[in-house]
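J.: So that we are looking at the same thing, I have put the structure below in structure tokens.
Residue numbers (the numbering used here): 108 to 347.
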């Protein structure tokens with residue numbers, strides 16, 4: 108949710124998933140995470156791996172939007188039609204679409220991969236997506252997961268601090284430490300949080316690898332790569 112300047116509360120928009128993920132399960136984790144600017148949008152996840160993966164994708168500079176549980180109808184060698192749900196589809200800044208299957212390594216069996224290969228071939232041929240990626244717990248970088256959750260925790264705007272941070276960053280050049288920019292802002296922790304929001308928006312970029320912290324070195328970007336804006340209400344992408 109988002110608390111507006113007048114004190115009103117704006118709730119997140121509903122999920123646009125093509126199927127609902129049950130909230131209660133005896134066998135695995137399931138849950139919701141709110142992503143996007145403003146009040147955001149509810150995003151359903153069916154595993155902790157999936158939640159971490161979607162959050163990482165959301166904060167990657169080359170990703171414009173993430174849609175979860177995207178349906179695609181495919182057919183087997185007998186012509187029988189089945190519905191497959193991609194865990195999520197990432198829409199990149201250049202318009203290409205990558206579907207993701209988040210799967211525990213023990214379940215990423217040859218049989219599963221063969222089936223997904225057939226689905227991928229049909230989905231790519233119909234131009235529903237451009238590619239498919241299988242992600243296991245071995246593929247997620249713990250540093251990227253940490254940074255995604257940190258940025259997510261800083262996402263709520265602070266108009267005064269955000270305006271001041273944008274002004275300071277606009278005058279900055281070269282590589283500098285985040286805490287140096289924060290001191291120039293002059294609002295303490297509020298300024299640091301505003302700088303993290305500028306990193307999420309692509310206005311600031313890490314100049315070194317590692318976990319985000321006040322000591323991290325950053326550089327300014329003249330053209331924001333991931334400036335947050337209202338989420339679209341897209342039509343369902345499905346093909347029979």
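Heads up, the beta-carbon is just placed ideally off N, CA and C, and yes, glycines get one too. Here the structure is a predicted model, which means the values were calculated and not measured.
As a quick exercise: from 315, 289, 317, pick the residue whose alpha carbon is nearest that of residue 305.
T.: When each option's Cα is compared against that of residue 305, the closest is 289.
J.: Sorted by chain position, which residues of the same chain lie with C-beta nearer than 6 Å to residue 294's C-beta, five sequence neighbours on each side aside?
T.: Contacts found: 268.
J.: Could you tell me whether the stretch 251 to 265 touches the stretch 170 to 178, where touching means 3 or more Cβ pairs closer than 8 Å?
T.: In short, these stretches do not touch, since the Cβ pair count stays below three.
J.: Which same chain residues, not among the five before or five after residue 314, have their C-beta less than 6 Å away from its C-beta?
T.: The residues are 282, 324, 325, 326.
J.: Three-state secondary structure (DSSP) at residue 280?
T.: Three-state result, residue 280: coil.
J.: Taking its Cβ as the centre, do 16 or more other Cβ atoms sit within 10 Å of residue 210, making it buried, or is it exposed?
T.: Residue 210 is buried by the Cβ-count criterion.
J.: Which value, in whole angstroms, describes the spacing of the CA atoms of residue 251 and residue 245?
T.: Straight-line Cα distance between these residues: approximately 13 Å.
J.: Just to confirm my understanding: we take residue 240, look at its own chain, exclude 5 residues before and 5 after, and list those with CB closer than 8 Å. What are they?
T.: Same-chain partners within the cutoff: 205, 206, 207, 208.
J.: Assign residue 220 to one of two classes, buried (16 or more other C-beta atoms within 10 Å of its C-beta) or exposed (fewer than that).
T.: Exposed.
J.: Please state whether the Cβ-Cβ distance between residue 310 and residue 276 is less than 7 Å.
T.: Yes, the Cβ-Cβ distance between residue 310 and residue 276 is below 7 Å.
J.: Alpha helix (DSSP H) containing residue 160: first to last residue?
T.: Counting along the chain, the alpha helix (DSSP H) containing residue 160 begins and ends at 155 to 165.
J.: Can you list, in chain order, the residues of its chain with a C-beta nearer than 7 Å to that of residue 229? Leave out the 5 residues immediately preceding and following it.
T.: Same-chain partners within the cutoff: 181.
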